[in-house]
Amino acid sequence: MSAAREEGRGGGPPGHPGHPYDEPDLLRDQFRQLLRYRLLIVAGILAGLAGGAWLGLRAGDTYIATSEITLRTPTTDPLAATSVDRVAMGSERRTAVSDVVAERAAEALGSPGATASLKHGLQVTNPPNTEVLRFAYSAGDPEVAADRANAFVQAYLDNRQADAEETVARSVASYEDQRAPLLERRDELQDALDTLAEGSSAYDSTAADLSNLAGEIAEINSAISSLRALDTSGGRVITAATPPGSPAGPGLPLLLCIGYVVGIGLGLLAAWVRLVFDPTVRSPGDVTRALRAPVLGVLPRTGRGHPDRLLAEGRLAEEYRSVAFRLAYDETFAQRRRLLVAAPRGSIETPLATAVNLSAAFAEMGMDALLVEADLRTPSLSGQLRHADGVRPGWPTDPGCGAGWPTGVRVPIDAGESGIFDLVPGRRVRNVPRALTAPATSRLIAHADTKGAVVVVLAPAVLSYADAIALTDRVDGVLVVCDPSQVRRDDLARVRELVVGAGGVLLGAVLHSWGSGTEEDRGPLPAEQEPAPGPRPAPGARPRQERPVARHLPGDDRDGTETLGLRVLDPADLEDGSPRQ
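Residue numbers (the numbering used here): 26 to 606.
Pasting the structure below:
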């Protein structure tokens, strides 16, 4: 376990090659933490389903009719193949959605003033590397969608043919203008040739001019004939629009599935953002990374009763025993056998129960366990445990002289079948720091140096008071008890800085999920529960009735599977010298 703890302390920041927590472990840990925000994930799923349902219902009344045409340039041979680059498909697509074509379609549909509304549902696309235009028209009625798609196709073809015919007419008129003076010149030369005698030089010259002029006129006539023979049709329909049999879109079931998937993504994203900005730790991995120390145990929920009772049974007691065994066989702790139990901040009810049960577990292991209540501000431990009748361990009764804390009172505690451990109860004092740093306190903690002895010290919260830090240089093994859902990462990092700075060693952490509470929730103790100094009960003497009876957790296991419970016997229940459970 020492090796594991050393790994938890070093290696650089997460994600660094030397850090013990590699990226897959961090991702798995973060994903498990995301599942804690189930409300956000469920909200994202509901939002996705609502969006899918809205899109499905909105698109349920929309029908799309599609018609396709293939384009061609004017040619004298209608069967001649045309090249793709001879038609500027981008320009043609823009022309198809122009106002000119829309006006022609509106006139064909008998709505000459509805040009803008007709264009609203039209969409024209061009499949890549083709001379095909696809006209898609959306409308609330399938018949209307088909009629308008066909009307736009015919309007576009008519407009394209009209443009081609207009171009041909302008070209023919231009050629005719060029031909008119040539015809006049031809007539003049013909008249002159009729007056000249054949064989003369003038006759030959005029005949040559007339022949050249006739050739030019023949070329112009040929061009005019070619233009008039052009096929000016803009293209042909390859797919006519028909009324669609079902509404457009993927349909309501598919949209709901898509919305569900998108909702999961939105929920996970919201949970991740919440996780990033959540200052509290949410898992044992977060605690380990913040403290750089291992998690020695996770206390289970007991199912009934307040979980912060003291002596435990069942699964809870077994978890305490597991923590105690891990500490007992840890090299760092085995060398000193000093343990400081504290919480980061807030109430110390759970650390108090942890200290008591660890002391009982150490006593059960045959160690001479001493529990020191170093909470001198709100001491309450002596009144919550059952005092043994005159049974004490064999170590000196007074670690020092004087009348103040911790001298004077040492109470043997009956831990039931686990055995007996000694308690040095806390007491209200005028100067808490002076009492914690007094030589008598040091000599009391030095009891751990005795062979087979162990000292467990209970201190107030580290970040609430400086008491725990004052004890760290003597009780150098620190055990942090916290609720991951209630403690902040910054608090754990600060606890580590204070403990390490004071010369202590973080042995690990014990986690619970019962809520840490606050000092205000704990409240002041009644006067009758404050421990008072006095002599220890004589052997065989009956404890005073005003002492509260020890509280314990009933075991969760009632089927005989529990091993050794920590039971507390009330002397008032003794009859004829035999205990009654």
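Where a beta carbon is used, it is the ideal one built from N, C-alpha and C, also for glycine.
In this text, all values refer to a predicted model and were calculated from it rather than measured experimentally.
Quiz prompt | For A367, the nearest candidate out of F446, F56, D501 and R119 (CA to CA) | solution = As a position in the sequence shown, residue 367 is number 342, starting the count at 1. Comparing Cα positions, the closest option is D501.
Practice problem: Quick one: using the 10 Å Cβ neighbour count with 16 as the cut-off for buried, is R63 buried or exposed? | Solution: Residue numbering aside, residue 63 sits at position 38 when the sequence shown is read from its first letter. Label assigned to R63: exposed.
Quiz item: Should H145 go down as buried or exposed, given a rule of 16 or more other Cβ atoms within 10 Å for buried?
Solution: By one-based count along the sequence shown, residue 145 stands at place 120. Exposed.
Quiz item: What did DSSP end up calling Q148 once you bin it into helix, strand or coil?
Solution: The residue you call residue 148 lines up with position 123 of the sequence shown. Strand.
Exercise. Tell me the start and end of each unbroken beta strand (DSSP E) in the segment 200-274 that is at least 3 residues and wholly inside, in chain order.
Key: 260-264
Practice problem: Just the C-alpha distance for L294 and R499, rounded to the nearest angstrom, thanks. | Solution: The count along the sequence shown starts at 1 and reaches residue 294 at position 269. The count along the sequence shown starts at 1 and reaches residue 499 at position 474. For L294 and R499, the gap between their C-alpha atoms comes out near 48 Å.
Practice problem: Determine which residues share a DSSP beta bridge with G322 and list them. | Solution: Position 297 of the sequence shown, counting from 1, holds the residue named residue 322. DSSP, once it has assigned bridges, lists V535 as partnering G322.
Quiz prompt | Spatial distance of N382 from L71 (CA atoms) | solution = The residue given as residue 382 occupies position 357 in the sequence shown. The residue given as residue 71 occupies position 46 in the sequence shown. Roughly 47 Å separates the two Cα atoms.
Quiz prompt | Inter-stretch contact (C-beta, 8 Å, three-pair minimum) for the segment 182-189 and the segment 258-270 | solution = yes
Practice problem: May I ask you to verify whether the segment 516-534 touches the segment 383-391, counting CB pairs closer than 8 Å and requiring at least 3? | Solution: no
Exercise. With a threshold of 16 other CB atoms inside 10 Å of the CB of V298, please say whether the residue is buried or exposed.
Key: One-based indexing of the sequence shown puts residue 298 at position 273. When all chains shown are included, V298 counts as exposed.
Quiz item: Is A353 closer than 9 Å to L532 when the C-beta atoms are compared?
Solution: Counted from its first residue, the sequence shown places residue 532 at position 507. Counted from its first residue, the sequence shown places residue 353 at position 328. Result no, Cβ atoms of L532 and A353 do not sit closer than 9 Å.
Quiz item: How big is the Cα-Cα spacing for R351 and L281?
Solution: Residue mapping note: residue 351 aligns to position 326 of the sequence shown, counting from 1. Residue mapping note: residue 281 aligns to position 256 of the sequence shown, counting from 1. If you take the alpha carbons of R351 and L281, they lie about 53 Å apart.
Practice problem: State the DSSP-derived secondary structure class of P137, mapped to helix, strand or coil. | Solution: If you number the sequence shown from 1, residue 137 lands on position 112. Coil.
Quiz prompt | Euclidean distance between Cα positions of L410 and A394 | solution = Within the sequence shown, numbered from 1, the residue matching residue 410 stands at position 385. Within the sequence shown, numbered from 1, the residue matching residue 394 stands at position 369. If you take the alpha carbons of L410 and A394, they lie about 15 Å apart.
Practice problem: Could you tell me which of A478, R61 and V197 sits nearest to A254, measuring between CA atoms? | Solution: The residue given as residue 254 occupies position 229 in the sequence shown. For the residues A478, R61 and V197, the minimum Cα distance to A254 belongs to V197.
Exercise. Identify which residue in E442, G451 and G444 has its Cα closest to the Cα of V434.
Key: Indexing the sequence shown from 1 puts residue 434 at position 409. Out of E442, G451 and G444, G451 has the C-alpha closest to the C-alpha of V434.
Quiz item: Out of curiosity, what's the CA-to-CA distance linking L96 and L279?
Solution: As a first step, residue 96 must be located in the sequence shown, where it is residue number 71. As a first step, residue 279 must be located in the sequence shown, where it is residue number 254. For L96 and L279, the distance between alpha carbons rounds to 37 Å.
Quiz item: Is the segment 269-277 close to the segment 193-207, with three or more CB pairs under 8 Å?
Solution: no
Self-check item: Backbone CA spacing between T466 and I445 [nearest angstrom]
Solution: For this step, residue 466 is matched to residue 441 along the sequence shown. For this step, residue 445 is matched to residue 420 along the sequence shown. If I take the Cα positions, the gap works out to 22 Å.
Quiz item: How about A380 and L483: do their beta carbons lie closer than 9 Å?
Solution: In the sequence shown, residue 380 corresponds to position 355, counting from 1. In the sequence shown, residue 483 corresponds to position 458, counting from 1. Cβ atoms of A380 and L483: closer than 9 Å.
Practice problem: Can you give me the Cβ contacts of D124 inside the same chain, cut-off strictly under 7 Å, excluding the 5 residues immediately before and after it? | Solution: For this step, residue 124 is matched to residue 99 along the sequence shown. Excluding residues within five positions, the ones whose Cβ falls inside 7 Å are T140.
Quiz item: Exposed or buried, V112, counting other C-beta atoms within 10 Å across all chains shown (16 or more means buried)?
Solution: Taking the sequence shown and counting its residues from 1, one reaches residue 112 at position 87. By the 10 Å Cβ count, V112 comes out buried.
Practice problem: Whole angstroms is fine: what's the gap from R455's alpha carbon to D516's? | Solution: Translated into the one-based positions of the sequence shown, residue 455 becomes position 430. Translated into the one-based positions of the sequence shown, residue 516 becomes position 491. One C-alpha to the other measures close to 29 Å.
Exercise. Within 10 angstroms of the Cβ of W430, are there 16 or more other Cβ atoms? Answer buried if so, exposed if not.
Key: Against the sequence shown, residue 430 aligns to sequence position 405. Of the residues assessed, W430 falls on the buried side of the cut-off, its CB having 16 or more other CB atoms within 10 angstroms.
Exercise. Return helix, strand or coil for P304, following the three-state DSSP convention.
Key: One-based indexing of the sequence shown puts residue 304 at position 279. Coil at P304, not helix or strand.
Exercise. Could you spell out the range, first to last residue, of the alpha helix (DSSP H) harbouring E389?
Key: By one-based count along the sequence shown, residue 389 stands at place 364. Note, E389: alpha helix (DSSP H), E374 to E389.
Quiz item: Whole-angstrom Cβ separation of L336 and G408, contact assumed at under 8 Å?
Solution: Position 311 of the sequence shown, counting from 1, holds the residue named residue 336. Position 383 of the sequence shown, counting from 1, holds the residue named residue 408. Not quite, the Cβ-Cβ distance comes to about 14 Å (not below 8 Å), so this is no contact.
Quiz item: Between R340, L316, P485 and V306, which lies nearest to P376 when the distance is taken from Cα to Cα?
Solution: Within the sequence shown, the letter at position 351 stands for residue 376. Checked all of R340, L316, P485 and V306; the closest Cα to P376 is P485.
Self-check item: Helix, strand or coil at Y88 according to DSSP, with G and I counted as helix
Solution: To locate residue 88, count along the sequence shown from 1; it is residue 63. Strand.
Exercise. Starting from the Cα of I373, find the closest Cα among L300, P404 and A359 and give me that residue.
Key: As a working mapping, residue 373 is identified with position 348 in the sequence shown. That would be P404, whose Cα lies nearest to the Cα of I373.
Quiz item: Just the Cα atoms here: how many angstroms apart are E398 and L488?
Solution: Along the sequence shown, one-based indexing puts residue 398 at 373. Along the sequence shown, one-based indexing puts residue 488 at 463. Taking the Cα positions, E398 is about 18 Å away from L488.
Quiz item: Taking contact to mean at least 3 C-beta pairs separated by less than 8 Å, is the segment 227-237 in contact with the segment 75-91?
Solution: no
Quiz item: Between R118 and the rest of its own chain, which residues show a CB-CB distance below 6 Å, the 5 nearest in sequence each way excluded?
Solution: Here residue 118 refers to the residue found at position 93 when the sequence shown is read from its first residue. Within the same chain, R118 has close Cβ partners V149 and N151.
Quiz item: Tell me which same chain residues have a C-beta within less than 6 Å of the C-beta of V449, skipping the five on either side of it?
Solution: Numbered from 1 along the sequence shown, position 424 holds the residue referred to as residue 449. Excluding sequence neighbours, V449 sits near V397, P431 and R435.
Practice problem: Please report the residue range of the alpha helix (DSSP H) in which Y354 lies. | Solution: Within the sequence shown, residue 354 is the residue found at index 329, counting from 1. It is not in any alpha helix (DSSP H) - Y354 carries neither H nor E in the DSSP assignment.
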